[in-house]
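Chains A and B supply the protein sequences, listed in that same order.
Residue numbers 1 to 478, in this note's numbering, belong to the letters of the first sequence in order.
Residue numbers 1001 to 1478, in this note's numbering, belong to the letters of the second sequence in order.
2 protein chains.
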Amino acid sequence: MTREPADLTEDILKKPVPAPEVEDLEDLALGDDYALNPDYVEMVVDAADRGDSERLGELVSALRSEDVADLMGFLTADYREQVIPHLDPEALAEVLSELETSLREEILEAMHPATLAKALEELDSDDAADLVDDLEDDKRAAVLAAMDETDRAAIETSLAYEDETAGRLMQREVLAAPQFWTVGQAIDHVRTAGDDIPELFFDIYVVDPGYKPVGAVPVSHLLRARREVSLAEIMEEVSEIPVDMDQEEVAYIFDKYHLISAPVVDPGGRLVGQITVDDIVGVIQEEADEDVLALAGVSDAGRDAGVFDVVRSRLPWLVVNLVTEALAVTVIGAFQAEITKLAVLAVLMPIVASLGGNAGTQTLAVAVRALANNELNAANAFRIVGREMFVGLLNGGAVGAVMAVAVWVIFKDATLCLVIALALIINIFVASVAGILAPLTLEKLGRDPAVSSSVFVTFVTDFTGFFSFLGLAALILL
Amino acid sequence: MTREPADLTEDILKKPVPAPEVEDLEDLALGDDYALNPDYVEMVVDAADRGDSERLGELVSALRSEDVADLMGFLTADYREQVIPHLDPEALAEVLSELETSLREEILEAMHPATLAKALEELDSDDAADLVDDLEDDKRAAVLAAMDETDRAAIETSLAYEDETAGRLMQREVLAAPQFWTVGQAIDHVRTAGDDIPELFFDIYVVDPGYKPVGAVPVSHLLRARREVSLAEIMEEVSEIPVDMDQEEVAYIFDKYHLISAPVVDPGGRLVGQITVDDIVGVIQEEADEDVLALAGVSDAGRDAGVFDVVRSRLPWLVVNLVTEALAVTVIGAFQAEITKLAVLAVLMPIVASLGGNAGTQTLAVAVRALANNELNAANAFRIVGREMFVGLLNGGAVGAVMAVAVWVIFKDATLCLVIALALIINIFVASVAGILAPLTLEKLGRDPAVSSSVFVTFVTDFTGFFSFLGLAALILL
């Protein structure tokens, strides 16, 4: 059936394109995996480019604060400045606490101390302290001065603890009850306590007269128990976290015992706060990122770091590597005469060095994660080192055999086959030993086993690779 | 004041060495960081060696099940067999669900189906399914047959979902309430529901008549609200997890929105279960471990894998690397004449290749973690690639300059300085580009960006390193 143009026009007039509603924007914003849609970022950039402030406001307010933080990360500084005015103090505070450090610092510096103080009062003490910690000294003083007494005191107490410790992670708001209370008394306390208790909580800590935690009652158990039951009867064992414990150890405890929240105690064993698992999830991500980056010889400059910050985060390690590599190649320098006589040595020697580097990195990566997960310590170190030596010999033998065959096919020289096979066995064996001993030694010395292990292992495998291959060649072949 | 020997003897007689109590053992077992003490493992081994079953029982029963699992990991198979009889079915079930796969399989295979069935009935459906999944087919059938109807059905439903999806992570026990209920009705329901609701829960999901979740009420809010308030009034937005979502994406959502629990829905949007954050903490650890190991070119054989399993997990990557490295060194083969003329080229060329490898690994590690954290996608890929190119040029320039000075000091040859500086700039630039484009491309193709990126980047940097340095030398120097 054909239709007249008039019909079509009529159709179009009848069915106007529906105006986008907030509901629609929410669907547009996030993919099925709850990650921010690249198209949505485009829409924000377009609105900003057109100077369409109303549309920009719509787009921003359709997002949860976590997604606004995400959005910020994908925008350049100019666009970020246009987004910020569309956030009220509470939303801004939440967005700020979700941002990564480099971005957060940039935005904090641009904010007025009074606005910032107002935003901070909306946050839990741990999140607020985190933000204040990022401020420069004079700004920090101004912001704290603009806050009310109680909030300021909470932040100052939190900042007194060292960075990356339990004291910093914890919130001071906590729900505690004496042992002799009944379930009914505890519930009534919660109903009437108002703002003195955390907005969200998962456990009630049972304390003795000295305010030391002796147990915990999950809220869901409180709900199920009869009112006349005493807390002491239904409380469970708690894992106390010392206030000065490193956050990586705190994360280990949460992971191991599947904790949702845990009480934090001062050196006298008194309850001073609590850590909840949602803060720990972030810590685990952070510590894993640190291990990956440390093994690759790079510190994290942050997603939005400028070119020079990125250079600063990488160049020092490259220079360190330049120095160790220069040391390793002095071995080659000592064998120049041999190489001149037989240039094929120069062709094959990188293979020996590279395979050793690989085998060392493999062992190192496994060892670093085993240490991070407390799966490797004095109780099994001896056994694991022994296993690595055995594995090194077997892998070296296998790779050496493959290489010997390849060399035979190409060069038809049995002695050369022998030299490269032996060199590979030696180097892969040494690599396996270095790959396990380096992180174990660093851990024993109280250092981070991920940092600097790989530089050391690479040096050892390059040096050994060149030395074993060229040395054996000089000895057997020439 | 001096004392007679008799006095001392008397003192000793008066104060006998106290017999070790269970309380003492608990303190001995764990360090301040809640990691199992290596000395305690020694004590267990000693008791087992002496055949002192009573002491062994004391030592084992002083531990929480998570610590027994830890202990198992530090023992060899012989000792593990002696520990198991000291665990009752419930404790054994808990220990089993804490163990890593290779160990767990070994212990499961040795257990009688009836004992195992009894142990499994003690666990949540998700944990039980995990264990059953590790059994071999005939054993699995025997164990399921020995379980009661309800538990078997729950496990079979769970196993119908693919491994590493939300369906596998979730527990089917969940607390749901219709929108029109009041707080009081919900609380009364919890009090009277008995075993139909989860043992521990953090949110009550509010569902519509089609059993689709429309909101959630945290238990602590339920406790605070007045009984007559309706759930619809106090419920909060929920993030629904599709039952077939990959666990890595689930972890991302929990991390992003700081969730404690989330409802899982079937393709029709109906509530079928819930995931709690304690399961997610494990997933995050696992995924981070996978990234570290994939970047190092090694799969996880498990802490207690035998030598041959470890070899199997590493040798294939070494062989792949042998092949790519053999390809890369063909470049050197083409320049043998030049090397014979000037052996110092063979000394310096590994430096160019190694520094490129380093720069590439740095970029790669940052990119892989950014992708894992959803911080890198189409919205900023172009900008980040541009930044990497710039960073590569600057780092190349800096390293090139340092190297040129060093070469000048040693060899006093300006052309050689120029050649190595240019080669370093080229290779570090290429390394930076390869380090970002390789993972981006793999991600775009729907592959894991951590796996195989590093082999590719190493090949590119070795090839480019040798080719740029020797090629420039042939062109300019000879």
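By construction, the Cβ of each residue, glycine as well, lies at the ideal position given by its N, Cα and C atoms.
Legend entry - For T165(A), the residue or residues it bridges with in DSSP: D246(A)
Legend entry - Same chain, Cβ closer than 8 Å to R1227(B), neighbours up to 5 away in sequence not counted: Shown here for R1227(B): same chain residues with a beta carbon closer than 8 Å to its own, the five before and five after excluded, namely T1182, V1183, G1184 and I1187 in chain order.
Inset, instruction - Measure the Cβ-Cβ separation of D203(A) and E325(A) and say whether it is below 8 Å. - result: D203(A) is not a Cβ neighbour of E325(A), given a cutoff of 8 Å.
Legend entry - R1383(B) classed as buried or exposed, judged by whether at least 16 other C-beta atoms fall within 10 angstroms: exposed
Inset, instruction - Give the residues of chain B in contact with M403(A), contact being defined as C-beta atoms less than 7 Å apart. - result: L1322
Legend entry - Any C-beta of chain B under 8 Å from that of E325(A): At least one beta carbon of chain B lies nearer than 8 Å to the beta carbon of E325(A).
Legend entry - Other residues of its chain near V385(A): CB distance less than 8 Å, five sequence neighbours each side excluded: V433, I436, L437 and L440
Inset, instruction - Look up Y1205(B) in the DSSP assignment and give the residues it is bridged to. - result: A1176(B) and A1216(B)
Inset, instruction - May I ask you to list the residues that DSSP assigns as paired with G1273(B)? - result: V1264(B)
Inset, instruction - Could you tell me the distance, in whole angstroms, from the CA atom of I1275(B) to the CA atom of N37(A)? - result: Counting only the Cα atoms, N37(A) lies some 25 Å from I1275(B).
Legend entry - Exposure of I1155(B), with buried meaning 16 or more beta-carbon neighbours within 10 Å: buried
Legend entry - Minimum Cβ-Cβ distance from I1425(B) to chain A less than 8 Å: no
Inset, instruction - List the DSSP bridge partners of Q171(A). - result: Q274(A)
Legend entry - Residue span of the alpha helix (DSSP H) that contains G1396(B), given as start and end: A1381 to F1411
Legend entry - Under 7 Å by beta carbon: chain B residues contacting D289(A): R1369
Legend entry - 7 Å Cβ cut-off: residues of chain B touching R55(A): Here the premise fails: no neighbours, minimum Cβ distance about 18 Å.
Legend entry - is_contact[L333(A), chain B] using C-beta, thresh 8 Å: In the sequence as presented, Leu is not what sits at residue 333(A); that position holds Gly. For G333(A), the answer is yes, since a Cβ of chain B falls inside 8 Å of its Cβ.
Inset, instruction - Along the alpha helix (DSSP H) that carries T514(A), what are the first and last residues, could you check? - result: This structure cannot settle anything about residue 514(A), because the visible part of chain A is limited to 1 through 478.
Inset, instruction - Quick one: residues in its chain with C-beta nearer than 7 Å to the C-beta of G397(A), no 5 flanking neighbours on either side, listed in chain order? - result: Result list for G397(A): I425, in chain order.
Legend entry - Sequence-distant residues of the same chain with beta carbon closer than 6 Å to D1244(B), five excluded per side: T1165
Legend entry - Limits of the unbroken alpha helix (DSSP H) element including P1198(B): Careful: P1198(B) lies outside any alpha helix (DSSP H) and carries neither H nor E.
Legend entry - For S482(A), the three-state DSSP class (helix, strand or coil): Residue coverage of chain A in this structure runs from 1 to 478, which leaves residue 482(A) outside it and unanswerable.
Inset, instruction - With a threshold of 16 other CB atoms inside 10 Å of the CB of T1115(B), please say whether the residue is buried or exposed. - result: exposed
Inset, instruction - Only counting runs of 4 or more residues, tell me where the alpha helix (DSSP H) segments fall wholly within the stretch 1075-1145 of chain B, in order along the chain. - result: 1077-1083, 1089-1098, 1101-1110, 1113-1120 and 1125-1133
Inset, instruction - Spell out whether any CB of chain B is found under 8 Å from the CB atom of V217(A). - result: no
Legend entry - S299(A) - DSSP class collapsed to helix/strand/coil: DSSP places S299(A) in coil when its eight states are reduced to three.
Legend entry - F469(A) to L478(A) span [Cα, whole Å]: 12 Å
Legend entry - Own chain, CB closer than 8 Å to A1414(B), minus 5 neighbours either side, in chain order: W1408
Legend entry - Minimum C-alpha distance to A1401(B) - residue among Y1205(B), L1394(B) and A1421(B): A1421(B)
Inset, instruction - Answer with yes or no whether the minimum CB distance from L59(A) to chain B is below 8 Å. - result: no
Inset, instruction - Taking all protein chains shown into account, decide if R1050(B) is buried (16 or more other Cβ within 10 angstroms of its Cβ) or exposed. - result: exposed
Legend entry - Contacts around T1458(B), its chain only, beta-carbon distance under 6 Å, and the 5 residues preceding and following it disregarded: Excluding positions up to five away in sequence, the list reads G1357.
Legend entry - Below-8 Å beta-carbon distance, K1412(B) vs any chain A residue: no
Inset, instruction - Determine which residues of the stretch 438-452 of chain A have a Cβ less than 8 Å from any Cβ of chain B, and write them out in chain order. - result: If the cut-off is 8 Å between Cβ atoms, the stretch 438-452 of chain A has nothing near chain B.
Legend entry - Reference E66(A); option with closest CA among E94(A), Y79(A), A47(A) and M43(A): Per the Cα distances, E94(A).
Legend entry - Own chain residues within Cβ distance below 6 Å of P449(A), not counting five before or after: V368, L371, P439, L442 and E443
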